[in-house]
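Each number in our numbering comes from the position in the sequence shown (counting from 1) with 141 added on. Glycine is no exception: its CB is placed at the ideal position from the N, C-alpha and C atoms. Okay, structure first, notes after.
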Amino acid sequence: MNNPTSKYEKMNFRFCGTSGLQLPAISFGLWHNFGSVDLYENSRKMILYAFERGITHFDLANNYGPEPGSAEETFGRILHKDLAGYRDQMIISTKAGYYMWPGPYGDGGSRKYLLASLDQSLQRMNLDYVDIYYHHRPDPDTPIEESMLALDHAVRQGKALYVGISSYNSEQTREAMRIMRELRTPCIIHQVKYNMFDRDIERDLLDTLKEFGLGCIVFSPLAQGLLTDKYLNDIPADSRAAKPNGFLSKDAITDQRRAQIKKLNAIAQSRNQSLAQLAVAWVLRQETVTSALIGASSIEQIDDNLKVLENSELSTEELKQINDVLQ
Ligand code: NDP
């Protein structure tokens, strides 16, 4: 790190709901491109570049890989080899909620699973604590109270500073927050999908988050790469849609989708920015959104996305044009 303070001048920080924790407007997720199947040197370059540019928040989960767990191992290795001494300048999150190991204790939302998984994540990253620990998704077979009490316990054990919930709907969020308030647990953040092609949270969740003073970090703001110029004409061989381990299906790129992407790309060009930058500006326009949680496969993509910070205001007319395309 040549200039240890300049990164903070380049980044915008926003308070996470009514908490005292500030997150960068752009955070970085390790769902893809950090597994044991990926090139370590590329993963390492991206983490170092992101941090150098003011992205202080790195988001993981127990199952990120592949192999599941290997993204946490990769991140831990980079953290201890290259970023030793910077732990207090970083916000590191992880989660549990999806399948992780065989049997009834390696999936879902039980106290058994959430607390065992956190111990495993800490071991893989070689950390004493994470900054934020999430329940990754609601589990219809476990009472919300049990999952919330497990998160509360993680905080009281000193293994998580804050906790959060992910992909809970409005009603589930209300129930979770009623319990967390009673327990006085620092549940400060909701992680949920939001992008131009998936506006579900506008229905009622954003209002609920505001009501409870919860921060909101939105995942897949680029719709896994659809909201970039990558798929305008074809499906590049090195793209998520073409890779065997990618979660983006080729079937998502229909003719109708591509026609929308082309129109959105033209709006971005009229603003002298890339479609990726427009897509990030569009999610950040919501005052309840604390941070856009992007992924990337190269430092060039991170660099492109960060340029949104120089041009993130959207006029009423531009928002109308975007709405017309999305109708
Ligand atoms: P994005 O929508 O930002 O998609 C990232 C992908 O888009 C990249 O891997 C890359 O794909 C492509 N891309 C990024 N920038 C550019 C650019 N400038 N130009 C062209 N292509 C670009 O987010 P993700 O879907 O990756 O999700 C981000 C994070 O959110 C995850 O890492 C994870 O931390 C979190 N998440 C949480 C979930 C939850 O349930 N809580 C679920 C999903 C994600 P390519 O490989 O094709 O180059």
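Under the three-state reduction of DSSP, Leu425 is assigned to helix. Within the chosen limit of 8 Å, the ligand NDP does not reach the beta carbon of Pro209 with any heavy atom.
Rounded to whole angstroms, the Cβ separation of Tyr239 and Asn204 is 5 Å, and the two are in contact under 8 Å.
Cβ neighbours of Leu455 within its own chain (closer than 7 Å, five residues either side excluded): Ala422, Trp423, Arg426. The ligand NDP never approaches Arg340 closely enough for any of its heavy atoms to be under 8 Å from the residue's Cβ. Nearest Cα to Ser147 within the set Asn174, Phe192, Ala378: Phe192. Look at Thr159: its beta carbon is at least 8 Å from all of the heavy atoms in the ligand NDP. Non-local C-beta neighbours of Ile233 in its own chain, meaning closer than 6 Å and more than five positions away in sequence, comprise Phe199, Val271, Asp272, ordered along the chain.
The beta carbon of Ile435 sits closer than 8 Å to at least one heavy atom of the ligand NDP. Asn374 is the residue among Asn374, Pro385, Ala378, Phe360 whose C-alpha sits nearest the C-alpha of Ile394. Inter-residue distance for Ser438 and Ala257 is about 31 Å (C-alpha atoms, whole angstroms). Between Val333 and Ser432, the gap from beta carbon to beta carbon reaches 9 Å or more. Not one heavy atom of the ligand NDP is found less than 8 Å from the C-beta of Phe353.
Using a cutoff of 8 Å, the CB of Asn406 does not count as near the ligand NDP, since none of the ligand's heavy atoms is closer than that. Setting aside the 5 residues that flank it on each side, Asn336 is surrounded in the same chain by Ser361, Pro362, Leu363, Ala364, Leu368, Ala420, Val424, each with a C-beta closer than 7 Å to its C-beta; the list follows chain order.
Check the Cα spacing between Gly210 and each of Ser288, Val178, Arg319: the tightest is with Val178.
Contact between the segment 340–353 and the segment 377–386 is not established, with fewer than three Cβ pairs separated by less than 8 Å. For Arg155, the enclosing beta strand (DSSP E) starts and ends at 154–156.
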